[in-house]
Amino acid sequence: MLINCIKCGSKATITSRKDLDPKLSQLYCACKNTDCGHTFVMDLSFKHTISPPATDRRALLVGLINAMPTTERNELLKQLVTS
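The C-terminal position of the sequence shown is numbered 83 in the working numbering, with every residue numbered one higher than the one before it.
Encoded structure:
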């Protein structure tokens with residue numbers, strides 16, 4: 001991933017990273033433009049999920065099925081087997 005230098009607009013590389021939290025990191029950057037040479041720190045943060053991971057969906061589904069009354073759960077299983 002390349003970052004734009006805020007001084008000259010050229011591309012900058014991430015030279016290292018410091019994780020402050022699972023959702024927040026500090027990126028240490030260096031401008032690739034030799035005439036500029038700006039080094040700086042930027043924050044990278046998580047904003048929101050667009051599509052939840054499959055593991056979350058499975059856990060939700062298992063939780064919903066386990067919360068169903070036994071008769072409804074058995075009926076659902078019958079429908080799944082015949083599908």
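Every residue, glycine too, gets a C-beta built ideally from N, C-alpha and C.
In this text the structure is predicted, and so the values were computed from the model without any measurement.
Could you spell out where the beta strand (DSSP E) holding D21 opens and where it closes?
11-21
Looking at the structure shown, is D35 part of a helix, part of a strand, or coil, going by DSSP?
coil
Per-residue burial, A59 [other beta carbons within 10 Å of its own, 16 or more giving buried]
exposed
Beta-carbon separation (whole angstroms), K7 vs H38, contact threshold 8 Å:
5 Å
Check whether the Cβ of L44 lies closer than 8 Å to any Cβ atom in chain C.
Absent from the structure: chain C. Only one protein chain is present.
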